Structure formats: C-alpha cells, structure tokens
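First comes the structure, then the notes that go with it.
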Amino acid sequence: MQPAPEQSPHHAYPDHWEADVVLRDGGTARIRPITTDDAERLVSFYEQVSDESKYYRFFAPYPRLSDRDVHRFTHHDYVDRVGLAVTVGGEFIATVRYDRIDERGRPASAPADQAEVAFLVQDAHQGRGVASALLEHIAAVARERGIRRFAAEVLPANNKMIKVFRDAGYTQRRSFEDGSVHLTLDLEPTAESLAVQRGREQRAEARSVQRLLAPGSVAVIGVGRTPGGVGRTVLRNLLGAGFTGRAYAVNRAFAAGQATVDGVPAHRSIGEIDEPVDLAVVAVPADRVPEAVADCGEHGVQGLVVLSAGYAEWGAEGRDRQRELVRQARSYGMRIIGPNAFGLINNAETVRLNASLAPEPPAPGRIGLFTQSGAIGIALLSGLYRRGAGLSTFISAGNRADISGNDFLQYWYEDPDTDVALLYLESLGNPRKFTRLARRTAAVKPVVVVKGARHSGSTPPGHAVPISRIPDATVSALMRQAGVIRVDTVTEMVDAGLLLADQPLPAGPRVAILGNSESLGLLTYDACLAEGLRPRPPLDLTTAATPQDFRNALAEALADDGCDSVVVTAIPWVGEDGEAESGDGEVLAAALHTAAAAGPAKPVAVVHVEIGGLAEALAAATSTVAQPRPAPAPAQNPTAPAARTGSTTPPGPAPAPAAPLADAPGARNGRIPAYPAAERAVRALAEAVRYAQWRRQAAVPGKVPEFLDDTIDEPGTAGLIDTLLGPDPDPRGLQLTPGQARELLGRYGITVRPTLPAPDPDAAVAAAARLGYPVALKTTAPHLRHRADLGGVRLDLANETALRRAYGELTGLLGKPAELQPVVQSMAPRGVDTVVRAAIDPAAGAVLSFGLAGAPSELLGDTAHRLVPATDRDAAELIRSIRAAPVLFGWRGAAPVDTASLEELLLRVSRLVDDHPEVVSIALEPVVVATQGLTVLGASVRLSPPPARTDLGPRRLPNY
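According to the numbering used here, the sequence shown is numbered sequentially starting from 90.
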C-alpha cells in the first residue's frame, strides 16, 4: 500500500515493513505501516473498540477520536513517529504506535534512543496473539531506526497488556508510578526473546495446519453436475473415507432447485450455506478462483485447498496470478495448500478426511507424508499401499505458494499420531528455517527427505522461491547436521520410513545376519560393510531350515548383547521334487513375529526372494497402538564407524552415551519391514543407525566456546570493518588486501604467516633476509594460486643461492615476474595441508567448510560443511567426516597432527563470521597442521554490507 502524496517527502513509505503473520489461532493477518489514507479505517476501527479498552489505552473515558487525533495517528515520519496496523479483510483490528522521546519523556529525534509505545486491539480479536506479533514487528522497526528501549505506561488492571510485555522475553524493568505501571524494555534480542518468538511461531503455524487437517465442515467448490471431473472425484473420495464432519457441494451452475449431489447438500455459493464452513476445496478454472476465494473469505472459511492449475507453472502471467491468489486469501485470514495441489488426507479416526485425488487411499498409520509433486505423491501412496504401510497425514502441496513443508514440520513436531515424517521436496523456500525446524523435529522423531531437482540449477516450474548458490552436497551435509535422513530416491524414502515407523532405533552398528541362503547372507554382509556397519559373520540355517529354525535363530540373535539389529534373509524352500515351495510365507512370518515380539527391542528387517505372502504377512500388525520404545543399550564400541561408505572413522571424542529414547518412533507394533534386495534393507538400517547416533549426541548438545581470553577483539573488529567498508559501501562488496585480511583475522586470534613481494631476484633475497631462511617462493597469479602441481611453488630454500636458482627456474618455466607475482614466505613446520572456508549464502546463511588442500579433494568433492555458529562438537565432527580424515590421524604410520588446534581455528572462524555478518567470505588456504600447532599460510577475506537475517527478525510468512 503506497502513501498519499501529502505523506512526508523525507522518508519514503517503508514497504519492507509489510508482513503477513500467522496468529495464535492459526488465522493470518497483515501488518503494515499506517498512512494518511487510513483515516476512515482508523475511525471505523476505533468505533468497534469497547469503552474499557479505550480507557486502558488513554487512561480516561475517550468515546471517539477527534479530527486532531485522527491526523496525529495517521501522519508519521517513519523514523521518530511510527504507527503499524494489523488488518484482516482490509480493515484494522489492532494498532501500535511509538514516539521517540528524550530522557525526560519529551518528543525527540535521533540520537535519542528511547520511544514511548502504546497498543490498541479490537476486543473481538483479543486473545489471538495480535499484540504479541505487533510487539515483535514494532520492536524490529524501532531497532532499525536506532531506538534501543521502549517505555510504556499501563494501568494495573490491564493485565493482558502487562502480560504481553512480560512474556516477550526482552530484558525489562518495572516500577509503579502515579497509579500506573511503568515498563521499560530493552529491545536487543535475547536468547529468551528468540525462544519465545520461535515457540509462538511453532504453535501458530501448527495450529494453522491443524485447521486444515481437522475441519468440522468441508465445501468442494466446482463439483460437476454430472459424474466425473476433479470436483466430483474429490467429493466422492471425501464421502468414501467416511468424513466425520459435514460436506457440501458448491457450483454456481447448479439449478436453483437442486438440493443434493451424491447425497450431500448442493449450493451455488458458500454464502448460501447456513452454517460455518471450515475448509474449501477449490476445483474450478484459474480465472474463476478469485471469485471463489472472495466468496470463502467473506463468509469465514478458514483455509483453502486449491487444486486448480494455471499458476506459476505456466510462466510469468501465472506467477502474477499466484501472487494475487496468496495476497487475496491472506487478506481474509486464510491459508492455502496449492495451487496446483493434489490434496490432503487425515486418517485420524475422529476426522477421516480425504480431500484429495488419491485413487488408492492409504490405511491409517504412523507416517506423515508431504510432497510437492502430485505425480510423486501418487507413486508414494501406491508404494506404501502395496507394502501395507499406513499414513497419519498426507499433503501434496503443488506449487506450495503458502503452506510448505516447514509448516507441516511445525505440526508434526507435536502430533501424537505421527512417528515418522517423510518429505519429497523440489525446492527449499527458507533453508535456514527448514534446518532449524528439522533439527528440532528430528530430536523427537525421524525426518526423511528426498530432494528433487538437485542438479538442474533452477527452480522447478511453479516454485517461486529464492535461489541458493550452495551446491547440493553442501545442502546434504547441512541436513545431516540437522539430523535429517537425506536419501536419493523415493524408493529409499519408503524403505527407510517403513523401518523407522515399525522398528526400534538400533543402539549401534553391530548387525547379526541369519537365513537359509549362504549367498544371500554374504550379499547382506557385503552391503553392511559398504554402509559402514559392523556385521557379524552370517549364520547359515541351510535350505532345510524350517520356520521354527528361523524363530529360534532370531530369538537367539535378539538376546545376544553383541548385536544391535538383525537382518533375516530367506529364499523359497525346495521340495523333494525340486520345485520351489513359496506358500509358507505366512507361517514364516508368524514365526518371525513371535520371536521379535518376545525378544529385546532391537530392529529386525527381512530380505526375501519370491516367497509368496511373506511381505504381506510381515506387514500385518498384531497391534496398531504405538508403544513407548525402551532406551537402546549403548554399543560396546561407541566410536565405531556408522556413516560412510568404505571409510574408517578416525579417533576422536566418543559420542554421548545412549540417551533414553522413550518417545522415539518404531515401537514394536507387530510389523516387520520386508525388502526384495539386501542392499535396500541394509541401506535403510544404516540410515536408522546414523539417525540413532545423531539422536544420542543431540541429547547432549555441543557448546559454542566463549574464548574468554584477550585474543578476540569484537569491538575493534567492528570498527575496522566499518572503516574498510566506508560510509557508502559498495553493494558488490570489497576484497581485502593480504595485509588487511591479516589484520582483521588477527583480531580474532587467527595468525596468518606474512608474505613479502618478490618482483625480482634481489627483492626476493631481501625478503628472505627479513623473514629468515629457509623460505618458500610462490606465485600468486590467479591461474597458479594453490596449484603446486603446476610447479608454481618452491619449498625449503635454505640460502640465497638456492633462492636465486629457484627464482630463475620459476620465471623461466612459467613466465615473467609481472605475470607470476611471486612472493617469499618463511617455511612452516611440515604437516598436512588443509583448507578452511566460511561463506554466507543468502538463503542458507553462514556455512563453515573444511577439507584437505589439493586437486584430489576438490575433484572428489571431499569437503565437510556445518552451519554457523558451530559448536565444539560440530568442529570435531567436521574434520572427522571427510573421507580423507585418516590422513590427519596417523595414516600408514605417520604421526597424528594437532587436530585440537585445527578445531580451535574452525571455531574462531565461525565466531568471526557469526559476530560480523559483513564478513561474507573467508578462505584460509593452505592451513598446514603439524604434530604441534598449525600455520595459516594464505588468507582471503571479502566484506559486504550485511545481508538480512530473516531468522532473527519478527515472525512473517514468506512472499514469493
């Protein structure tokens, strides 16, 4: 909304303050600055406020606003005087205003850093969290304008407003003066205020999803007058699922006298329905959707599922139509699944909602499934259906213009009916928020993700989201850090989901293998080794084994303290006539069920080859009620590798001891997952092992060191950055010179070994004399930098003669000094060359990276990544998670290097980037790690105006 021409010309309308927010009850509202055009809205709003609320606001009876009041409350300079309004349907439901004041409470301008703040919320909307959301936004605005404190006068009887201030989490002071409570809030975000904000965000967004999943009434808009069509199909599925609420068919083309369609009331509009409608499924052409949305919004519909196509997947015109759809729906307080959605399902017995086009509705179960693709959704539903798996909820969000996977993570976090969350994602609209939410959810239940469009370099059609520059390998590493189980295919997602939903988490990587086929057992053994597990030699029961033999062997394996999980392999029995007998699947399944139910809580998976009825019988649960899972016992060797194919995990700090996981999914429910190939079963089991290990470690989180010594100069660094960027920084950024980079890093205790230019042999000799022999002679030309393999580096030059000879060889081989830009540097102690980097991605945030220096590591992509700020545990894991990590720990008889110093360096780089977001890129290369200490030989630093930190700002819905 743009201001009128008479708005203050000195401060443009701050449209970046506009935001859509989710309120406590799950509805949406819009927050925006108040302008001079809002006079009538303000007066109308004030007339609907009770006398009591007016009294609380003005400390006296104040029945109406005078013209002077209206002018004052609608004219702002957006610096010293700011007003924000909350709107629903274009009308005000709440306002907040601040006025900058001096220490005596008089009107002031900058540099005064205190403001008086006052709220007014319409009585009908009190209790929805409106004031709390407004406080977050007005505080962010105030900080942007240099205000550090709010002062508020509140009547003692105004308990609701006092609670808003008290519960915000800001540092505050309270006093009682002249019959009112005087409150002062420091606006600097605190750990408590951030926790409060995120807690409110979780509850509000979860509630908004719950309103969609558990409606009391559903209207399908676009139900055809004859059988067939999308709308009629959805209505049929809704009725077929046994929806417990009320259903309505809506089509403006219905005849005036038509009373029902398929046995449900028929209406030509939502307005004709004589009771509230909670959810509307929109299945009309795109050009008729705005009319349907307006009809829903004007009559109190809470949410929409838009199946209609013709939006962002159709190009620029469709993107504009999609943005307008979201804007229109949110203006009425509604949230949207879609457009171009496939629908949603909630199998809760109290709801039984199937508002989708799913041809095979899933059975009730403990898995939640979110997908951004209708086609993939159909495939996943079909695969789960065939394997006897059940779902708690299913959502196919289409273009996910509003509701996204983040919203459903908020919902599943506390959903008692969901034990495992499966997500197929083609884009990440807010990777920083996704990793935060996924980490919290993964701490209580597994989150399994397939990321589509990984290598296309573009966003899928219809997904209007920010583009992240970080490679897919980095995204995968960050997901692993957050506890997300990242798999490559939807088949792997189903495989892992079944095991995690039906079985306990393993206590470690030790696997027992038993079965009636030696060959299949060996394949399973090899697969375990390839996945980093620790298999025991397979137990061959021979082809003559009976179901009772399987039962006894499984019971014995489960009772063995030396194993953490069991893989059973089975092939058909061969009869006396040489024909395979495959009809005993049900008998074998019963035997395995009996042994598993009686044994300790350890995961069991079955690999079978063409045994008729076995998979179906194993999938048949003996109980559908989830039971608490006992805590897994700690493995005998907690440092054993559990995560990398063909790798050896280097020594390091042992993981945290196994923590009780009583709230974890997969309690023994009678179902045992079956797989047609050993590799698939073992891969799913390995994912469970890695996840269980992450869960145990997450129970005792790492710490971000404070570095309480004098090696970190945060204020001095901030001043240096301000000086380097200057008063008018270039938005493209500034690449620091080697000297500037060395000074900046030094303020955080990171010492970079100096280099001296050597434009000619005599300058090289003089530089060596200053630095002291032995020295290294290196080229710094961009095409030769860090390329020792091209001959641009000469090491261990012990005297002037060796230096002059090396200089001549270098220039003779590679070119003139002016092209090579040679430098001289004193030699560092021998060690392992490594690389430490940090960079800020606009979508994912700051990322810390580590790897070994050299072309092989770059070619193989052997680099590890963690989000900033990194904890001590993150730093330890970072250097141990690359495939070449054994080189650091004494590979082939070499002495182990000083990894403690390396971990400290990583933490210092992380702290620097986290403290100063203007540092958008750091590269330390090479970092030579010796047996004692390390040496940073090269460093590059880039500064830029700090990017926006949306994760630290007030709550807001994305606008794509």
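Beta carbons are placed, not taken as given, at the ideal position from N, Cα and C, and that holds for glycine.
Nothing here was measured: the structure is a model prediction, and the numbers come from that model.
Bridge partners of residue i, per DSSP?
{"i": "residue 238", "result": "203, 275"}
{"i": "residue 180", "result": "177"}
{"i": "residue 1020", "result": "Residue 1020 is not bridged to any residue."}
{"i": "residue 458", "result": "483, 511"}
{"i": "residue 266", "result": "269"}
{"i": "residue 198", "result": "Answer is none; residue 198 lacks a bridge partner."}
{"i": "residue 934", "result": "930"}
{"i": "residue 654", "result": "600"}
{"i": "residue 111", "result": "117"}
{"i": "residue 861", "result": "Residue 861 is not bridged to any residue."}
{"i": "residue 172", "result": "186"}
Of all the options the options, which has the alpha carbon lying nearest to the alpha carbon of residue i?
{"i": "residue 225", "options": "272, 277, 177, 202", "result": "277"}
{"i": "residue 593", "options": "761, 409, 304, 516", "result": "761"}
{"i": "residue 302", "options": "506, 188, 100", "result": "506"}
{"i": "residue 957", "options": "380, 879, 938, 947", "result": "938"}
{"i": "residue 906", "options": "818, 493, 869, 630", "result": "869"}
{"i": "residue 333", "options": "191, 119, 444, 421", "result": "444"}
{"i": "residue 513", "options": "580, 521, 282", "result": "580"}
{"i": "residue 1027", "options": "949, 343, 827", "result": "827"}
{"i": "residue 201", "options": "230, 179, 236, 186", "result": "236"}
{"i": "residue 281", "options": "357, 266, 207, 257", "result": "257"}
{"i": "residue 811", "options": "902, 919, 829, 844", "result": "829"}
{"i": "residue 787", "options": "582, 573, 1004, 313", "result": "573"}
{"i": "residue 388", "options": "364, 130, 405, 379", "result": "364"}
{"i": "residue 314", "options": "291, 327, 292, 352", "result": "352"}
{"i": "residue 374", "options": "361, 395, 989", "result": "395"}
{"i": "residue 509", "options": "519, 927, 113, 538", "result": "538"}
{"i": "residue 500", "options": "458, 413, 109", "result": "458"}
Identify, in the order they occur along the chain, each residue of the same chain with its Cβ nearer than 7 Å to the Cβ of residue i, setting aside the five sequence neighbours on each side.
{"i": "residue 212", "result": "138, 139, 142"}
{"i": "residue 179", "result": "420"}
{"i": "residue 885", "result": "863, 916"}
{"i": "residue 244", "result": "145, 148, 269"}
{"i": "residue 833", "result": "806, 809, 825, 1030"}
{"i": "residue 792", "result": "960, 961"}
In three-state terms, what does DSSP make of residue i?
{"i": "residue 941", "result": "strand"}
{"i": "residue 435", "result": "strand"}
{"i": "residue 885", "result": "strand"}
{"i": "residue 347", "result": "coil"}
{"i": "residue 891", "result": "helix"}
{"i": "residue 867", "result": "strand"}
{"i": "residue 522", "result": "helix"}
{"i": "residue 922", "result": "strand"}
{"i": "residue 143", "result": "helix"}
{"i": "residue 332", "result": "coil"}
{"i": "residue 364", "result": "coil"}
{"i": "residue 101", "result": "coil"}
At a cut-off of 6 Å, would you count residue i as near the ligand ADP, judging by its Cβ distance to the nearest heavy atom?
{"i": "residue 892", "result": "Summarising the ligand content, the structure contains no ligands, and the ligand ADP is consequently not present."}
Distance check for residue j and residue i, CA to CA, integer angstroms please.
{"i": "residue 979", "j": "residue 972", "result": "14 Å"}
{"i": "residue 639", "j": "residue 604", "result": "7 Å"}
{"i": "residue 996", "j": "residue 960", "result": "7 Å"}
{"i": "residue 481", "j": "residue 567", "result": "28 Å"}
{"i": "residue 704", "j": "residue 629", "result": "21 Å"}
{"i": "residue 773", "j": "residue 880", "result": "47 Å"}
{"i": "residue 775", "j": "residue 683", "result": "25 Å"}
{"i": "residue 190", "j": "residue 268", "result": "21 Å"}
{"i": "residue 596", "j": "residue 691", "result": "8 Å"}
{"i": "residue 1001", "j": "residue 913", "result": "28 Å"}
{"i": "residue 1042", "j": "residue 391", "result": "27 Å"}
{"i": "residue 41", "j": "residue 437", "result": "Outside the modelled stretch of the chain, which goes from 90 to 1049, sits residue 41, for which no answer is possible."}
{"i": "residue 585", "j": "residue 531", "result": "14 Å"}
{"i": "residue 197", "j": "residue 203", "result": "9 Å"}
Could you pull out every residue in the same chain whose Cβ sits closer than 6 Å to the Cβ of residue i, ignoring the five residues on either side in sequence?
{"i": "residue 214", "result": "182"}
{"i": "residue 634", "result": "605"}
Short of 8 Å in beta carbon distance, which residues of its chain neighbour residue i, apart from the five on each side in sequence? Order them along the chain.
{"i": "residue 709", "result": "477, 678, 759, 760"}
{"i": "residue 264", "result": "270, 271"}
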